[in-house]
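Number of protein chains: 2
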Amino acid sequence: MDDVDRQLLVLLQQDAAQSYAALGQAVGLSAGATHERVRKLRERGVIRRTAVEVDPAAIGRGVLAFVMVDSTKWVGDSGDRFAAIPEIQEAHVIAGSAAVLVKVRTATTEQLQDVLRRIYAIDGVSGTQATVVLETFFERPVTP
Amino acid sequence: MDDVDRQLLVLLQQDAAQSYAALGQAVGLSAGATHERVRKLRERGVIRRTAVEVDPAAIGRGVLAFVMVDSTKWVGDSGDRFAAIPEIQEAHVIAGSAAVLVKVRTATTEQLQDVLRRIYAIDGVSGTQATVVLETFFERPVTP
DNA sequence: ATTGAAAGCTTTTTACT
DNA sequence: AGTAAAAAGCTTTCAAT
Numbered sequence: 007m008d009d010v011d012r013q014l015l016v017l018l019q020q021d022a023a024q025s026y027a028a029l030g031q032a033v034g035l036s037a038g039a040t041h042e043r044v045r046k047l048r049e050r051g052v053i054r055r056t057a058v059e060v061d062p063a064a065i066g067r068g069v070l071a072f073v074m075v076d077s078t079k080w081v082g083d084s085g086d087r088f089a090a091i092p093e094i095q096e097a098h099v100i101a102g103s104a105a106v107l108v109k110v111r112t113a114t115t116e117q118l119q120d121v122l123r124r125i126y127a128i129d130g131v132s133g134t135q136a137t138v139v140l141e142t143f144f145e146r147p148v149t150p
Numbered sequence: 007m008d009d010v011d012r013q014l015l016v017l018l019q020q021d022a023a024q025s026y027a028a029l030g031q032a033v034g035l036s037a038g039a040t041h042e043r044v045r046k047l048r049e050r051g052v053i054r055r056t057a058v059e060v061d062p063a064a065i066g067r068g069v070l071a072f073v074m075v076d077s078t079k080w081v082g083d084s085g086d087r088f089a090a091i092p093e094i095q096e097a098h099v100i101a102g103s104a105a106v107l108v109k110v111r112t113a114t115t116e117q118l119q120d121v122l123r124r125i126y127a128i129d130g131v132s133g134t135q136a137t138v139v140l141e142t143f144f145e146r147p148v149t150p
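If you read the sequences in order, they're chains S and W. Position in the first sequence (from 1) plus 6 gives the number in the working numbering. Position in the second sequence (from 1) plus 6 gives the number in the working numbering.
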């Protein structure tokens, strides 16, 4: 992982649809060498995948909320229970009490309420504290 | 936005590097028609961009935390102040008091502390409450 | 809006440095 | 690791439906 790799990652986070020739020109390498470096970044798992980024509002997910979930039992192995709720975009085990922090996207606040109901139905969950987002300043890739 | 468009979005969120021929086969369309649909999804802004997804730990961002930021003044136009801190991956204005919720990725907890210091330095910020993530269950695309 | 095919690039491989 | 060039494959455009 040198400077060129880091530069390539930044460029590919901005636009993964550009050609290796263009990428190579930007970092001062031939298309072939650029291709080989990107291939290795994938192989080593630094690049996990290439994906399109979708506007949440355009697909009926205009409401964003973060929900703190409290539990009376150990939550370390209940990831699947959260994954089973499709409106949950992220779920993290957090420090403090037995707790999980989830990021939820729904079409309406009514649907958000329904997601909270389904979270409550998870075994051991003793409480939720939802925080609704009014405006997203930015969401951006993590730069190296 | 019909069912085929939604299917295409799901497939492209999983792997945007596949060919239009493969995509078309999956949804029962020719490569040309698939290309045209994807082009329109881009044009309409449903697809924002194509990007690689990078493993945060591999680029020295193994520590993840969510930080609630309280402020004594209106925060609606201080997005740039948060954007100026590169370790902040997301920043959202949240309901409740004058507050912002940010997602931070750093290499170490010492660096996290330094980010908190820089957040405190933002005009009007009166307090922060950091929650460190112990384990990420999942982070996934929003499905239509 | 979709098809099928042609033209023009890109990726991917290979031989060489 | 990098370069350069060839082969294979893909994107993009276009006439037709």
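Think of the CB as a built atom: it goes at the ideal place given N, C-alpha and C, for glycine as much as any other residue. Bear in mind the structure is a predicted one, so any value in this text is a computation, not a measurement.
CB contact flag (residue i, residue j, <8 Å)
i               : j               : result
P150 of chain S : L35 of chain S  : no
F88 of chain S  : L107 of chain W : no
R111 of chain S : R67 of chain S  : yes
V121 of chain W : V75 of chain W  : no
V138 of chain S : V99 of chain W  : no
V33 of chain W  : V60 of chain S  : no
A63 of chain S  : A57 of chain W  : no
A27 of chain W  : A22 of chain S  : no
A97 of chain S  : G85 of chain S  : yes
Nearest residue (CA-CA) to residue i, options the options
i               : options                        : result
K1 of chain S   : W:Y126, W:P147 and W:V10       : Residue coverage of chain S in this structure runs from 7 to 150, which leaves residue 1 of chain S outside it and unanswerable.
A136 of chain S : S:R48, S:L70 and S:M7          : S:L70
M7 of chain W   : W:A57, W:L118, W:K46 and W:I65 : W:K46
Q95 of chain S  : W:V10, W:R54, W:E145 and W:Q19 : W:E145
S103 of chain W : W:T134, W:T114 and W:E116      : W:T134
G30 of chain S  : S:Q19, S:Q13 and S:A105        : S:Q13
E116 of chain W : W:E93, W:S25 and W:R50         : W:E93
F143 of chain W : S:E141, S:Q119 and S:A90       : S:A90
R50 of chain S  : W:I65, W:Q24, W:L18 and W:Q119 : W:I65
Identity of the residues DSSP links to residue i by a beta bridge
i              : result
D76 of chain S : S:A105 and S:G133
L47 of chain S : According to DSSP, L47 of chain S bridges with nothing at all.
I94 of chain W : W:V110
V99 of chain S : S:V106 and W:E141
L70 of chain W : W:R111
I53 of chain S : W:V60
Cβ separation of residue i and residue j, assumed to be a contact under 8 Å, to the nearest whole Å
i               : j              : result
A113 of chain W : S77 of chain W : Not a contact, Cβ separation roughly 27 Å.
V10 of chain W  : R54 of chain W : Wrong, their Cβ atoms sit about 20 Å apart, outside the cutoff.
(message) If contact is defined by three or more beta carbon pairs under 8 Å, each pair taking one atom from either stretch, is the region 74-84 of chain S in contact with the region 121-133 of chain W?
(response) no
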